[in-house]
Structure formats: structure tokens, C-alpha cells
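Visitor:
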Amino acid sequence: MTRGLRLEFSSDPPLSLQPPDHILPSKSQLPIIRSFIPDLLSRNIIRIISSPQPLFFSRPFTVEKKDGPFRLILDLSLLNNFLLVPHFKMESVLQIASGIVEPLWGCTLDLQDAYFHVPMAWFFHRYLAFVVDGITYVFQYLPFGLSVAPWAFHRVIKPVKAHLHLQSMRVHSYLDDFLFLSRSREGLLALTTHILDMFDRLHIKVNYKKSSLEPSQTVEYLGVILQLDSMTLCIPHSKVLGIITLCDQLMISSFCS
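Have a look at this one:
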């Protein structure tokens, strides 16, 4: 992938010189979408297409993240119909928990704009076009919305993890969510410092606001609380309350019907 991610198609997606009306962003989301453009251009995540050429156009839209800010996504559902998606497996919390056989210390790390670490091969920029205010743009890096995005990002991170595992470092990940484990607090601090330095050299950006880098024996990872001192799992209190509320609503709905 040194020259960028190449896409595998079951058949060639149709290209067009003019964007169809249905791919234009909604008026309600247009101000938010506009706000993304300068930053994405300055980081070379997207570029402007100044002259008409055959492209595959998709509709941009935004979704609100759990931590507040919005994320720009392309509605690539039509393009995804043409894509061949390789099968791959990611490590689950249960698999991680089964390997914890002694008290440990842990911390979590989240990456910033994870998919934007994956460049697209130049030829495939044409399939990632969108229009805002009459200007055509294409993504030069992996956008949110592409069905192969999880596989592609996993493929990029896999050799990084393999290198760390060769150094006997306990590093787990599920896409951009990382879990570091060590037998001691001091060992975990050293491991974290080493990995942060390595990520910096590889230009892998860390989301420090969403990361919990302070060593602890109670770590929340992928929606589950790992009690590393007692080697047990539990569900966060907020999720328990959510389940109880949902059950109450279902019981009321069933009773009323």
C-alpha cells in the first residue's frame, strides 16, 4: 500500500461528467459541511477538480460524534455495491479477556481521524468525488463511508502491532481503539512512552482527549469495563441503566397494546 489503497471492483462503477442532483448535500447540513472544507484542503485530505472529467459522485453528509463534534461522511452506498470487500477478523474483548490470567495494569489510546492515515492510489480518487457550492472535490485519503475502510485501516495497523508484539509488548486494538497492558504500573508507563514515540515517528496521530493514558487497573474498553486486578468484566453503569430503561419501555408498550 506504499502507493496508496487500490479498490477491487466486481464490475466497473459508472462515471459521469456532471453530478446528479441527488448527490448534492442537504441545505440543512450545508453550513456544517462547508466548515470542513478549508481544513481538509489544507491537510491534502481532499483536492479540487477544476476541469470536467469522468467521476463517481456521492453525497456528503455529517453525523454527530459521541464526544460532540461532527464527522464528514460520503454516502458511498452505491459505490459499495461494486466493491469486493476482503474478509478479516478483529480482536474482541472476550478474546482479550481470555488471555488475562494475572493482575495487570492498562490504559487506552484512541487515534485522531484514523482513516485519514490511509492514502488512496491516485487512479481511485475519481471514485470519491463530491460537490459543495458548485465546486467538485475528491478524497485523496480513505473517507468514512467506504465499505472496505475497516479492512484497509486494519491492514495498515497490523504490521505496527506485529512489530510491537515482537518486542513482547501487550498491545490490542479494534480499529482505532487501542488497549495497552503490562504487569506493573512502571512497565505500562514505559510501554506507553515507547508507543507514543513510535506513533509520532510514523505520523500516526493520537486523539489525547479520547485516550486514557494514565495507568489503571479499571479500564473501559469497547464498551466493557475490565477489572484487571480481579480479572473480571462488567458492563458500565450507564449501559445497565439504559438496558433497564429499554426493558421498562418494552413492558409498558406490551401492556398498553
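So for the sequence shown, full-length UniProt numbering puts the first residue at 1; every next one is plus one. Heads up, the beta-carbon is just placed ideally off N, CA and C, and yes, glycines get one too.
Check whether the segment 55 to 63 touches the segment 20 to 36, counting contact only when three or more Cβ pairs, one atom from each stretch, lie closer than 8 Å.
Guide: As far as the Cβ criterion goes, the segment 55 to 63 touches the segment 20 to 36, which means the pair count is three or higher.
Visitor: How is Arg185 classed by DSSP in three states: helix, strand or coil?
Guide: Residue numbering aside, residue 185 sits at position 185 when the sequence shown is read from its first letter. Helix at Arg185.
Visitor: Note down, one range per segment and in chain order, each alpha helix (DSSP H) of at least 4 residues found wholly within the segment 218 to 242.
Guide: Runs of the alpha helix (DSSP H) inside the segment 218 to 242: none found.
Visitor: Can you tell me the Cβ-Cβ gap for Val93 and Val219, rounded? I've got them flagged as a contact below 8 Å.
Guide: In the sequence shown, the residue the question calls residue 93 occupies position 93. In the sequence shown, the residue the question calls residue 219 occupies position 219. Not quite, the Cβ-Cβ distance comes to about 11 Å (not below 8 Å), so this is no contact.
Visitor: Using the beta-carbon count (16 or more within 10 Å), is Thr192 buried or exposed?
Guide: In the sequence shown, the residue the question calls residue 192 occupies position 192. Buried, because 16 or more other Cβ atoms sit within 10 Å of the Cβ of Thr192.
Visitor: How far does the beta strand (DSSP E) with Phe36 in it extend, from its first residue to its last?
Guide: As a working mapping, residue 36 is identified with position 36 in the sequence shown. Note, Phe36: premise wrong, no beta strand (DSSP E); alpha helix (DSSP H) at Leu30 to Ser42.
Visitor: Assuming Pro159 is part of the alpha helix (DSSP H), what are its boundary residues?
Guide: Reading the sequence shown from its first residue, position 159 is the one you call residue 159. Ala149 to Leu166 is the extent of the alpha helix (DSSP H) around Pro159.
Visitor: I'd like the span of the beta strand (DSSP E) that includes Ile23, first residue to last.
Guide: As a working note, residue 23 is residue 23 in the sequence shown. Taken as a continuous stretch (DSSP letters only), Ile23 belongs to no beta strand (DSSP E), as it is neither H nor E.
Visitor: Look at the Cβ atom of Cys107, then the Cβ atom of Leu213, and state whether they are nearer than 7 Å.
Guide: Mapped onto the sequence shown, residue 107 falls at position 107. Mapped onto the sequence shown, residue 213 falls at position 213. Taking 7 Å as the Cβ cut-off, Cys107 and Leu213 qualify as a contacting pair.
Visitor: Thinking C-alpha only, which one of Ser58, Cys234, Gln249 and Arg3 is nearest His117?
Guide: Residue 117 sits at position 117 when you count from the first residue of the sequence shown. With distances taken between Cα atoms, His117 lies closest to Arg3.
Visitor: Looking at chain D, is there any beta carbon in it that lies within less than 7 Å of the beta carbon of Phe130?
Guide: Of the protein chains in this structure there is only one, and it is not chain D.
Visitor: Please classify Val101: is it buried, with 16 or more other beta-carbons within 10 angstroms of its beta-carbon, or exposed?
Guide: By 1-based counting over the sequence shown, the position of residue 101 is 101. It counts as exposed.
Visitor: Hey, could you find the ends of the beta strand (DSSP E) Ala129 is sitting in?
Guide: Within the sequence shown, residue 129 is the residue found at index 129, counting from 1. Note, Ala129: beta strand (DSSP E), Ala129 to Val132.
Visitor: List the endpoints of the continuous alpha helix (DSSP H) containing Leu94.
Guide: Position 94 of the sequence shown holds residue 94. Note, Leu94: alpha helix (DSSP H), Val93 to Ser98.
Visitor: Pick from Leu5, Ser10, Lys205 and Ser238: whose alpha carbon is nearest that of Phe82?
Guide: To locate residue 82, count along the sequence shown from 1; it is residue 82. Checking every option, the nearest Cα to that of Phe82 belongs to Ser10.
Visitor: Would Phe144 and Tyr137 be called neighbours here (beta carbons separated by less than 7 Å)?
Guide: As a first step, residue 144 is located in the sequence shown; it is residue number 144 there, counting from the start. As a first step, residue 137 is located in the sequence shown; it is residue number 137 there, counting from the start. For Phe144 and Tyr137, no; Cβs fall outside 7 Å.
Visitor: What does Met120 pair with, by DSSP beta-bridge criteria?
Guide: Here residue 120 corresponds to residue number 120 of the sequence shown, with the count starting at 1. According to DSSP, which records beta bridges pairwise, Met120 is partnered with Leu5.
Visitor: Tell me, please, whether the segment 39 to 58 touches the segment 121 to 135 by the rule of three or more beta-carbon pairs shorter than 8 Å.
Guide: Contact holds: three or more Cβ-Cβ distances are below 8 Å.
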